[in-house]
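Quick note, the sequences are listed as chains R and A, same order.
Oh and the first sequence: position 89 is 89 in my numbering, straight run, nothing missing.
Oh and the second sequence: position 15 is 15 in my numbering, straight run, nothing missing.
Where is the CB? At the ideal position from N, CA and C, for every residue including glycine.
To start, the structure under review is shown below, and the notes come after it.
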Amino acid sequence: MKHAYTWGAIAMVVLASTAGDILLAHAMKRVGDVGELWRQTCLWTVATRILRTPSFLLGVLMMAVGFYSLLFALSWADVSLVGPASASLTFVANAAAAKFFLHERVDHRRWTAALFVAAGVALLAA
Amino acid sequence: MTFRKYLVLGGVTLFAALGDSLLSHGMKEVGCISLPHWSSILTAVLNPWVGLGIAFLLFFFVSYTTALSWADLTYVLPASSLGYVLLAVIARFWLHEQITPMRWIGILLISAGVGFVTQGPALTADSRAPRFKESEAALPGTRQ
Numbered sequence: 001m002k003h004a005y006t007w008g009a010i011a012m013v014v015l016a017s018t019a020g021d022i023l024l025a026h027a028m029k030r031v032g033d034v035g036e037l038w039r040q041t042c043l044w045t046v047a048t049r050i051l052r053t054p055s056f057l058l059g060v061l062m063m064a065v066g067f068y069s070l071l072f073a074l075s076w077a078d079v080s081l082v083g084p085a086s087a088s089l090t091f092v093a094n095a096a097a098a099k100f101f102l103h104e105r106v107d108h109r110r111w112t113a114a115l116f117v118a119a120g121v122a123l124l125a126a
Numbered sequence: 001m002t003f004r005k006y007l008v009l010g011g012v013t014l015f016a017a018l019g020d021s022l023l024s025h026g027m028k029e030v031g032c033i034s035l036p037h038w039s040s041i042l043t044a045v046l047n048p049w050v051g052l053g054i055a056f057l058l059f060f061f062v063s064y065t066t067a068l069s070w071a072d073l074t075y076v077l078p079a080s081s082l083g084y085v086l087l088a089v090i091a092r093f094w095l096h097e098q099i100t101p102m103r104w105i106g107i108l109l110i111s112a113g114v115g116f117v118t119q120g121p122a123l124t125a126d127s128r129a130p131r132f133k134e135s136e137a138a139l140p141g142t143r144q
């Protein structure tokens, strides 16, 4: 049963983190190049525009959900399992979700990079 | 990609690694926090290392969202993952942790992944979300 809780929490971490990243990326693409905007206007206006984007706020909320799911997972299982499993799976899930939801062109180069980094993170935290 | 954009990606990498290391160092000083005394996590931020770690993680969040405003998510995530390598180096030389051969292989794989993704474009044409209309872009306080 503990095993199921652990993997359930890891799945929640991956889902919430991926959703958070996708929503933040979507929000920031809508806002536009922050550097260019800053040159045209003041910092306060740029910050207001970002904070008034609903997907940005939802993204931050999802990231908070991901963080607390990670804390729950860590209370049930060792960090040596939870850390690499959630980080690696999030890299791969992000590549798939970015292709599907953000319509990014995830070519073989980006898939290879995501898989290499995911494997590297798993080994680093092992 | 301009120098400024590489600087932002460097900021994502550096601030995440420094923030995590400082938090780790600070939380070791604070000690174990048990579930019945969960509220002591609120006072943990008073530890200077934890406070500094949180400040660096805020800088990380600003650089990360800035990078996402001009680059694809599938570019930013692998490109900034050198932070894991930096974290291992900090763990080895500052926290005096051992790096096993398996971890060195992991570092090599991450570096190869970063090398792969940074060869390509930061933003693909399909991912360009509809920007604000010109009328919306002219915000109050805009310098003309």
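Across the set A/101, A/96, A/80, A/108, the C-alpha of A/80 shows the shortest separation from the C-alpha of residue 15 of chain A. According to the DSSP assignment, residue 81 of chain A belongs to no alpha helix (DSSP H), since it is labelled neither H nor E.
Between the alpha carbons of residue 92 of chain A and residue 116 of chain R lies a gap of roughly 22 Å.
About 17 Å separates the Cβ atoms of residue 76 of chain A and residue 111 of chain A, ruling out a contact at the 8 Å cut-off. For residue 49 of chain R, the uninterrupted alpha helix (DSSP H) run begins and ends at 43-51, by DSSP.
In the DSSP annotation of this structure, the continuous segment of the alpha helix (DSSP H) that includes residue 57 of chain A starts and ends at 48-70. Short of 7 Å from the beta carbon of residue 87 of chain A, and not among the five residues preceding or following it, lie these beta carbons of its own chain, in chain order: 17, 20, 21. Secondary structure at residue 10 of chain R: helix, using DSSP grouped into helix, strand and coil.
A straight line joining the alpha-carbon of residue 25 of chain R with that of residue 12 of chain A spans about 15 Å. Residue state for residue 108 of chain A is assigned as helix, using DSSP reduced to three classes.
The distance from the Cβ of residue 120 of chain R to that of residue 109 of chain A is about 3 Å, consistent with a contact at the 8 Å cut-off.
The three-state reading of DSSP puts residue 39 of chain A in coil, since its state is none of H, G, I, E or B. Listed along chain R are 107, 109, 110, each with a C-beta nearer than 8 Å to that of residue 120 of chain A. In this structure, the beta-carbon distance from residue 59 of chain R to residue 20 of chain R falls below 8 Å. The beta-carbon of residue 124 of chain R is placed less than 8 Å from the nearest beta-carbon of chain A. Beta-carbon to beta-carbon, residue 117 of chain A and residue 113 of chain R are separated by about 4 Å, close enough to satisfy the 8 Å threshold.
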